[in-house]
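> Residue numbers (our numbering): 6 to 284. No residue lacks a Cβ here, since even glycine has one placed at the ideal position from N, Cα and C. Pasting a structure below so you can have a look.
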Amino acid sequence: MTTEDRLIQWYPGHIAKAQRQLKEKLTLVDCVVELVDARLPKSSHFPFVDELLGQKPRIMAINKSDLAPQESLEAALAYWREKGFPTVALNIPGREGVQELRKELGLYHAALSAKMKQRGRIPRKLRTLIMGLPNVGKSTLINALINKRSMKVGDKPGVTKSMQWVSIAKDLELLDSPGVIPPKLEDQHVALKLALIGSVSEHSAPPVQLAELGLQLLHTEFPGYLQKAFGQEPIYLPEIGRQRNFLQKGGEIDLDRTAISFLSDLRSGKLPVLCLEKI
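See below:
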């Protein structure tokens, strides 16, 4: 089975609408924090974002750093810093990197305040856009910066459906936005990887097909990973179901349950951590 069997595409109406609104609101924004996923630190950034943002000051935040090997995380930090962006690694549940990001934003606010004073204006809060692909942790980051749970978050892409300003402190105001994603995922190899980490909807491809493609990809591109995770390689979905005793009446393997379980474990870090691309 290959990705050509069924194209992985997902572009819901609320994201299309929000991306139109985003263009309008960019004139109000002083700087941008773009979140990317540590498991796909390059491919979870889309080139159209560079065109959209232009020369707007930007901080790159590599989120879910606990789900990627340290070696690949360090390479990802170097990759974005070499492109000229201040870059931090975030593990939001562990509060890692949040204060470092806050300090970077503080530097931007200090520069903004100095510029406004020079022009005889009263300094105001730094208006910062939080953006990134779906399910990368934008609302979770805002809650961490506020230091409380006030915004709806979830482990499914598309939880945030509208743009909203959130006041953080005397010096900072954040604009949360729904995930940004191209109307069409041209590179289906990348689309598969985005689906595997949960950045496109579960409705973009049936779980069994997605899990089978994922196992095929892991065996082909990351030899030894399945051996480490399951004790054998190659391994196929029915064998994982048998290992987990996911049986239906009559002793048949419940492939849907097995696929959902495998994908959940891959996304949550219950399986060995992995970066799905070379940096």
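1. If you reduce the DSSP assignment to three classes, tell me which class Q214 lands in.
2. Within the continuous beta strand (DSSP E) that includes A94, where are the two ends?
3. Check whether the segment 47-67 touches the segment 93-112, taking contact to mean three or more Cβ pairs, one atom from each stretch, closer than 8 Å.
4. So L260 and L231 are in contact, right, with Cβ under 8 Å, and what is the actual spacing, rounded?
5. Can you look up Q237 in the DSSP assignment and give me helix, strand or coil?
6. Taking the CB atoms as reference points, tell me whether L150 and I173 lie closer together than 7 Å.
7. So if DSSP puts T133 in a beta bridge, which residue, or which two residues, is it bridged to?
8. Along the chain, which unbroken stretches of the beta strand (DSSP E) at least 3 residues long are found entirely within the segment 33-76?
9. Can you grab the Cα-Cα spacing for the pair K233 / P277, in whole Å?
10. Sort E76, L82, L220 and A115 by Cα distance to L40 and report the nearest one.
11. Using 7 Å as the threshold, is the C-beta distance between S209 and D181 below it?
12. When the Cβ atoms of the segment 41-59 are set against those of the segment 101-117, are three or more pairs found closer than 8 Å?
In terms of the structure at hand:
1. In the sequence shown, the residue the question calls residue 214 occupies position 209. DSSP, read as helix, strand or coil, puts Q214 in helix.
2. By one-based count along the sequence shown, residue 94 stands at place 89. A94 -> beta strand (DSSP E) spans T92 to A94.
3. Using a Cβ-Cβ distance cut-off of 8 Å, the segment 47-67 and the segment 93-112 are in contact, since at least three pairs of beta carbons, one from each stretch, lie closer than that value.
4. Position 255 of the sequence shown holds residue 260. Position 226 of the sequence shown holds residue 231. Actually they do not touch by this definition, with Cβ atoms about 17 Å apart.
5. Here residue 237 is taken as the residue at index 232 of the sequence shown, counted from 1. In the structure shown, Q237 sits in coil (DSSP, three-state: anything other than H, G, I, E or B).
6. As a working note, residue 150 is residue 145 in the sequence shown. As a working note, residue 173 is residue 168 in the sequence shown. The criterion of a C-beta distance shorter than 7 Å is satisfied by L150 and I173.
7. As a position in the sequence shown, residue 133 is number 128, starting the count at 1. DSSP, once it has assigned bridges, lists C36 and L179 as partnering T133.
8. Within the segment 33-76, the runs of beta strand (DSSP E) that reach at least 3 residues and sit entirely inside it are, in chain order, 36-42 and 63-68.
9. Within the sequence shown, the letter at position 228 stands for residue 233. Within the sequence shown, the letter at position 272 stands for residue 277. Cα to Cα, the separation comes out at about 8 Å.
10. As a position in the sequence shown, residue 40 is number 35, starting the count at 1. Here the closest residue by C-alpha is L82.
11. In the sequence shown, counting from the first residue as 1, residue 209 sits at position 204. In the sequence shown, counting from the first residue as 1, residue 181 sits at position 176. Their beta carbons are not under 7 Å apart, which means S209 does not touch D181 by this criterion.
12. Verdict: no, contact absent.
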